[in-house]
Each structure stands twice: as structure tokens, then as C-alpha cells.
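S.K.: Residue 776 is where the sequence shown starts when you use our numbering, and the numbers rise one by one after that. All C-beta atoms, glycine included, are put in the ideal place defined by N, C-alpha and C.
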Amino acid sequence: MVLKSGCWWGRNLSSRLSFDRLRRIQQTLTRRVVERDPENIHAVGFAPLDTKPAAAALDVDGTFPVVAQFDVWQKRHRVPAAKRITPRESLRLLDRSTGRYDDIALATDVRQSGDVVPTGVPIRVPGQQAVAAVVVRWTSVQPVPPVPSNPDDAQASPWRWGVLTVSHLFAATGQGRAGQAARLQRKVTCGDGPRAVSGRVVARGRIPGGPDVALVETGLDRLWLSGFLPRVGLDEIATAREADLLAWTSRGTSGQLFADRRRLAWDWQTYYPSLHIEGLGRLQHIIRYGLKGSAGGPAAASAFGPGTSGAVLVAGGIPIGIQIAAMQPGYTIGYAQSFSASVSWLQDRLQASSLVIVRVVT
């Protein structure tokens, strides 16, 4: 294979992965789907290369370090040539740093998928529930002020506190306005304070369209008294960076999902630069993961099912994002939107000089 801008793919490929490159490759492959079999192929994402052993037979220097995964409604044994997904997809991609085009080859995989549905139907609004496992604080003051060291100082502090959950929880009620009431029910943390914590929605993504995130402001005193915060001056928790997500897209990873009184072990499956989910619209930066040991048993039953939206996905101690959906009928495959899509959106929406995650409730 001749590479028009040099054989950097074989030398330093992982460092050249980026969200932008994967997004543009996804767009190209999606356009090809429209020409092939749009009724059966419903999504294109990227999976770790070791999920496709046959990729080793391809040209190593010309092969991209991820598998192009085509999600289909039905895997077929006999497919007309015009609709067939070949073992390798080739395309040309503009290198924006040099202005030249690179020839890229991607190993492919075809994976049968069921319907993907929102799983938030615990935080409650009338008739609906989801999970809130991420505590955040934010301020609009410049320069960023110090964080109070005890709850008695919170009343005069310019910092505000709340929890993250999914926006579709509130969209389901038909009430999209900011200020909508919500109630947290303490089930995981310990403490002598009230079990119920009232709050109000201060920002939420548009549904459909996203991001599928909502921020419920509670105030510091309620979180502290209820045990959601063990102490006031918690340090910021760094979330998964672009480099982390790209490395896991290429090599895979595993971790835990912290949901309502449960820790669910999962394995990384696929990264989608964008993915259309029925009822939620087209969302950015979506991760698909499967329940570990999901072959059967009571632990596998509806693991990521209704009411699990808002649970936090963690790998190696690093928060990745919150669950938004799962695949029917078994609910052993979940979908999360990364914090790279949601936290920056919230910060812009609130015109915050700082918005940080300070605790994952486990």
C-alpha cells in the first residue's frame, strides 16, 4: 500500500488517533452504508483491534489500530456483493496538520444489535426515576475563588453544589424548563442526615439532540448532611481525557458501573463519535460496554435496564461518563455518554468559570 503522506501509520499510529479523525472516518463509512444496505446497517463505530483476530492478516503498516464495527439488525450468511461489508475498508483521509491525504485501511467487523432504548424512566420526578452518582460544584466568579473548608461557610460562598443525572428523565415528564423539582433518595451512602434531598434542575441538554445530561442543584448543606459528601473541601476528580478514550478504543479496557446499590463489572466494546438512539436523537461521544460474565445468571438479568440511567462508568479509577441507554431485550449491553461531551457543555451553559466533579458515590 502506498501512503501519500508517508508511512507514519506504522511508526506512531496511536499518537495520531483523535476524535476528529474518528469522526470523519465514521462519516465516510456511514455514507457508504447508505449506498449498501441502510435498512440493515444502522450504526458505525470503532472497536479494539484485538476483537478481530483476522486483522492480523492485513497489511500492518496500512491498518488503522481500531476495527470499524458495523452494527446490523440481522447478520446474514448470504449477502449480495453490492451490500457486502468487506474484511477491510479503505479510504483517504485529509491530514489537517500537513494538508495531504493519507490512505487508511481498517479491519471490519459486523455485530448484530437489538433496539437501544433510554434506561431512565435514585433520583425521582413524578412517575420516573434514574440514578444520580456524581456530585459536582461550580461557580461563575472570576478569578476562581477558594472552596470553603466547612459547611458553615457555604451560605456566603460563591460555590454551588449539585448532582448529575440524565436529561431524558425530565424530558419524559414533558417538562423541559429549568427549575423543575427533583428529589434524591439516599440509598448508598451512610449518615444520620435526611434520606431525601430536594433539588431543582438548573441546566439540562435538549432531548432529542443532547447532551443527555442534567444538573440538579441541591446546595452543599443537604449533600453534606445526607452523607453524599464526606467533607466539604474535596479535590477535583479528573475525568477521562481524549487520550484515555482513544487508547481504550484501540486496546480496550474494563471497569465498573456504579448504579443504585450495585457495582456492575463491564468490558469496553465500541466507541461511536456520534450515535443515533431512538428517543434521544444523535448524541456525541458514546461508549458501548458489555456486562462481564453476561452469559446468564441472576446478576445478568436487566443489569443495565430501566432506572440505571445516570449511573457512572469508571475505568481504572477514572470516571468516563454516565449511562444513558441499554440494548433490549436483555439489557446486558449499556451505552454511556462521556464527560468530554457533557461537562464542557454544562460549563458553557452555566457560564461557569469552574465546574468540576468532586465525588462519585459508590
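Are the Cβ atoms of residue 824 and residue 882 separated by less than 8 Å?
M.R.: Contact: yes.
S.K.: Does DSSP put residue 1041 in a helix, in a strand, or in coil?
M.R.: Strand, per DSSP.
S.K.: Taking the alpha-carbon of residue 848 as reference, which of 1067, 909, 908 and 816 has the nearest alpha-carbon?
M.R.: Checked all of 1067, 909, 908 and 816; the closest Cα to residue 848 is 816.
S.K.: Whole angstroms are fine: how far does the CA of residue 869 sit from the CA of residue 875?
M.R.: Approximately 6 Å, taken between the alpha carbons.
S.K.: Going along the chain, which residues of its own chain have a beta-carbon closer than 6 Å to the beta-carbon of residue 1015, five neighbours each way excluded?
M.R.: Same-chain partners within the cutoff: 1093 and 1095.
S.K.: Could you give the DSSP three-state label for residue 802: helix, strand or coil?
M.R.: Three-state result, residue 802: helix.
S.K.: Do residue 1028 and residue 844 count as a contact pair if the criterion is CB distance below 8 Å?
M.R.: Their beta carbons are not under 8 Å apart, which means residue 844 does not touch residue 1028 by this criterion.
S.K.: Return the bridge partner residues of residue 1111 from the DSSP annotation.
M.R.: Looking at the DSSP assignment, residue 1111 forms a beta bridge with 1062 and 1098.
S.K.: Between the segment 1105 to 1114 and the segment 1058 to 1070, are three or more C-beta pairs nearer than 8 Å?
M.R.: Output reads yes: the segment 1058 to 1070 touches the segment 1105 to 1114.
S.K.: Would you say the segment 1042 to 1058 touches the segment 1018 to 1028, given that touching needs at least three Cβ pairs under 8 Å?
M.R.: Cβ pair count under 8 Å is three or more, so yes.
S.K.: Helix or strand or just coil, what does DSSP make of residue 1127?
M.R.: Coil, per DSSP.
S.K.: How is residue 934 classed by DSSP in three states: helix, strand or coil?
M.R.: Here residue 934 sits in coil by DSSP.
S.K.: Counting only runs of 3+ residues fully inside the segment 987 to 1033, write out the beta strand (DSSP E) ranges in chain order.
M.R.: Here no run is fully enclosed.
S.K.: Considering Cα atoms alone, identify which of 802, 890 and 841 is closest to residue 884.
M.R.: Of the candidates 802, 890 and 841, the one whose C-alpha sits nearest the C-alpha of residue 884 is 841.
S.K.: Does the distance from the C-beta atom of residue 972 to that of residue 998 stay below 8 Å?
M.R.: Yes.
S.K.: What are the boundary residues of the beta strand (DSSP E) that includes residue 944?
M.R.: Residue 944 -> not in any beta strand (DSSP E); alpha helix (DSSP H) instead, spanning 943 to 946.
S.K.: Rounded to whole angstroms, what is the Cα-Cα separation between residue 878 and residue 924?
M.R.: Distance between the alpha carbons of residue 878 and residue 924: 56 Å.
S.K.: Please report how far the alpha carbon of residue 991 lies from the alpha carbon of residue 1087, in whole angstroms.
M.R.: About 16 Å.
S.K.: Could you work out which residue in 1058, 1080 and 891 is closest to residue 798 when comparing CA atoms only?
M.R.: That would be 1058, whose Cα lies nearest to the Cα of residue 798.
S.K.: Run through the DSSP bridge pairs and tell me what residue 913 is partnered with.
M.R.: According to DSSP, which records beta bridges pairwise, residue 913 is partnered with 935 and 1130.
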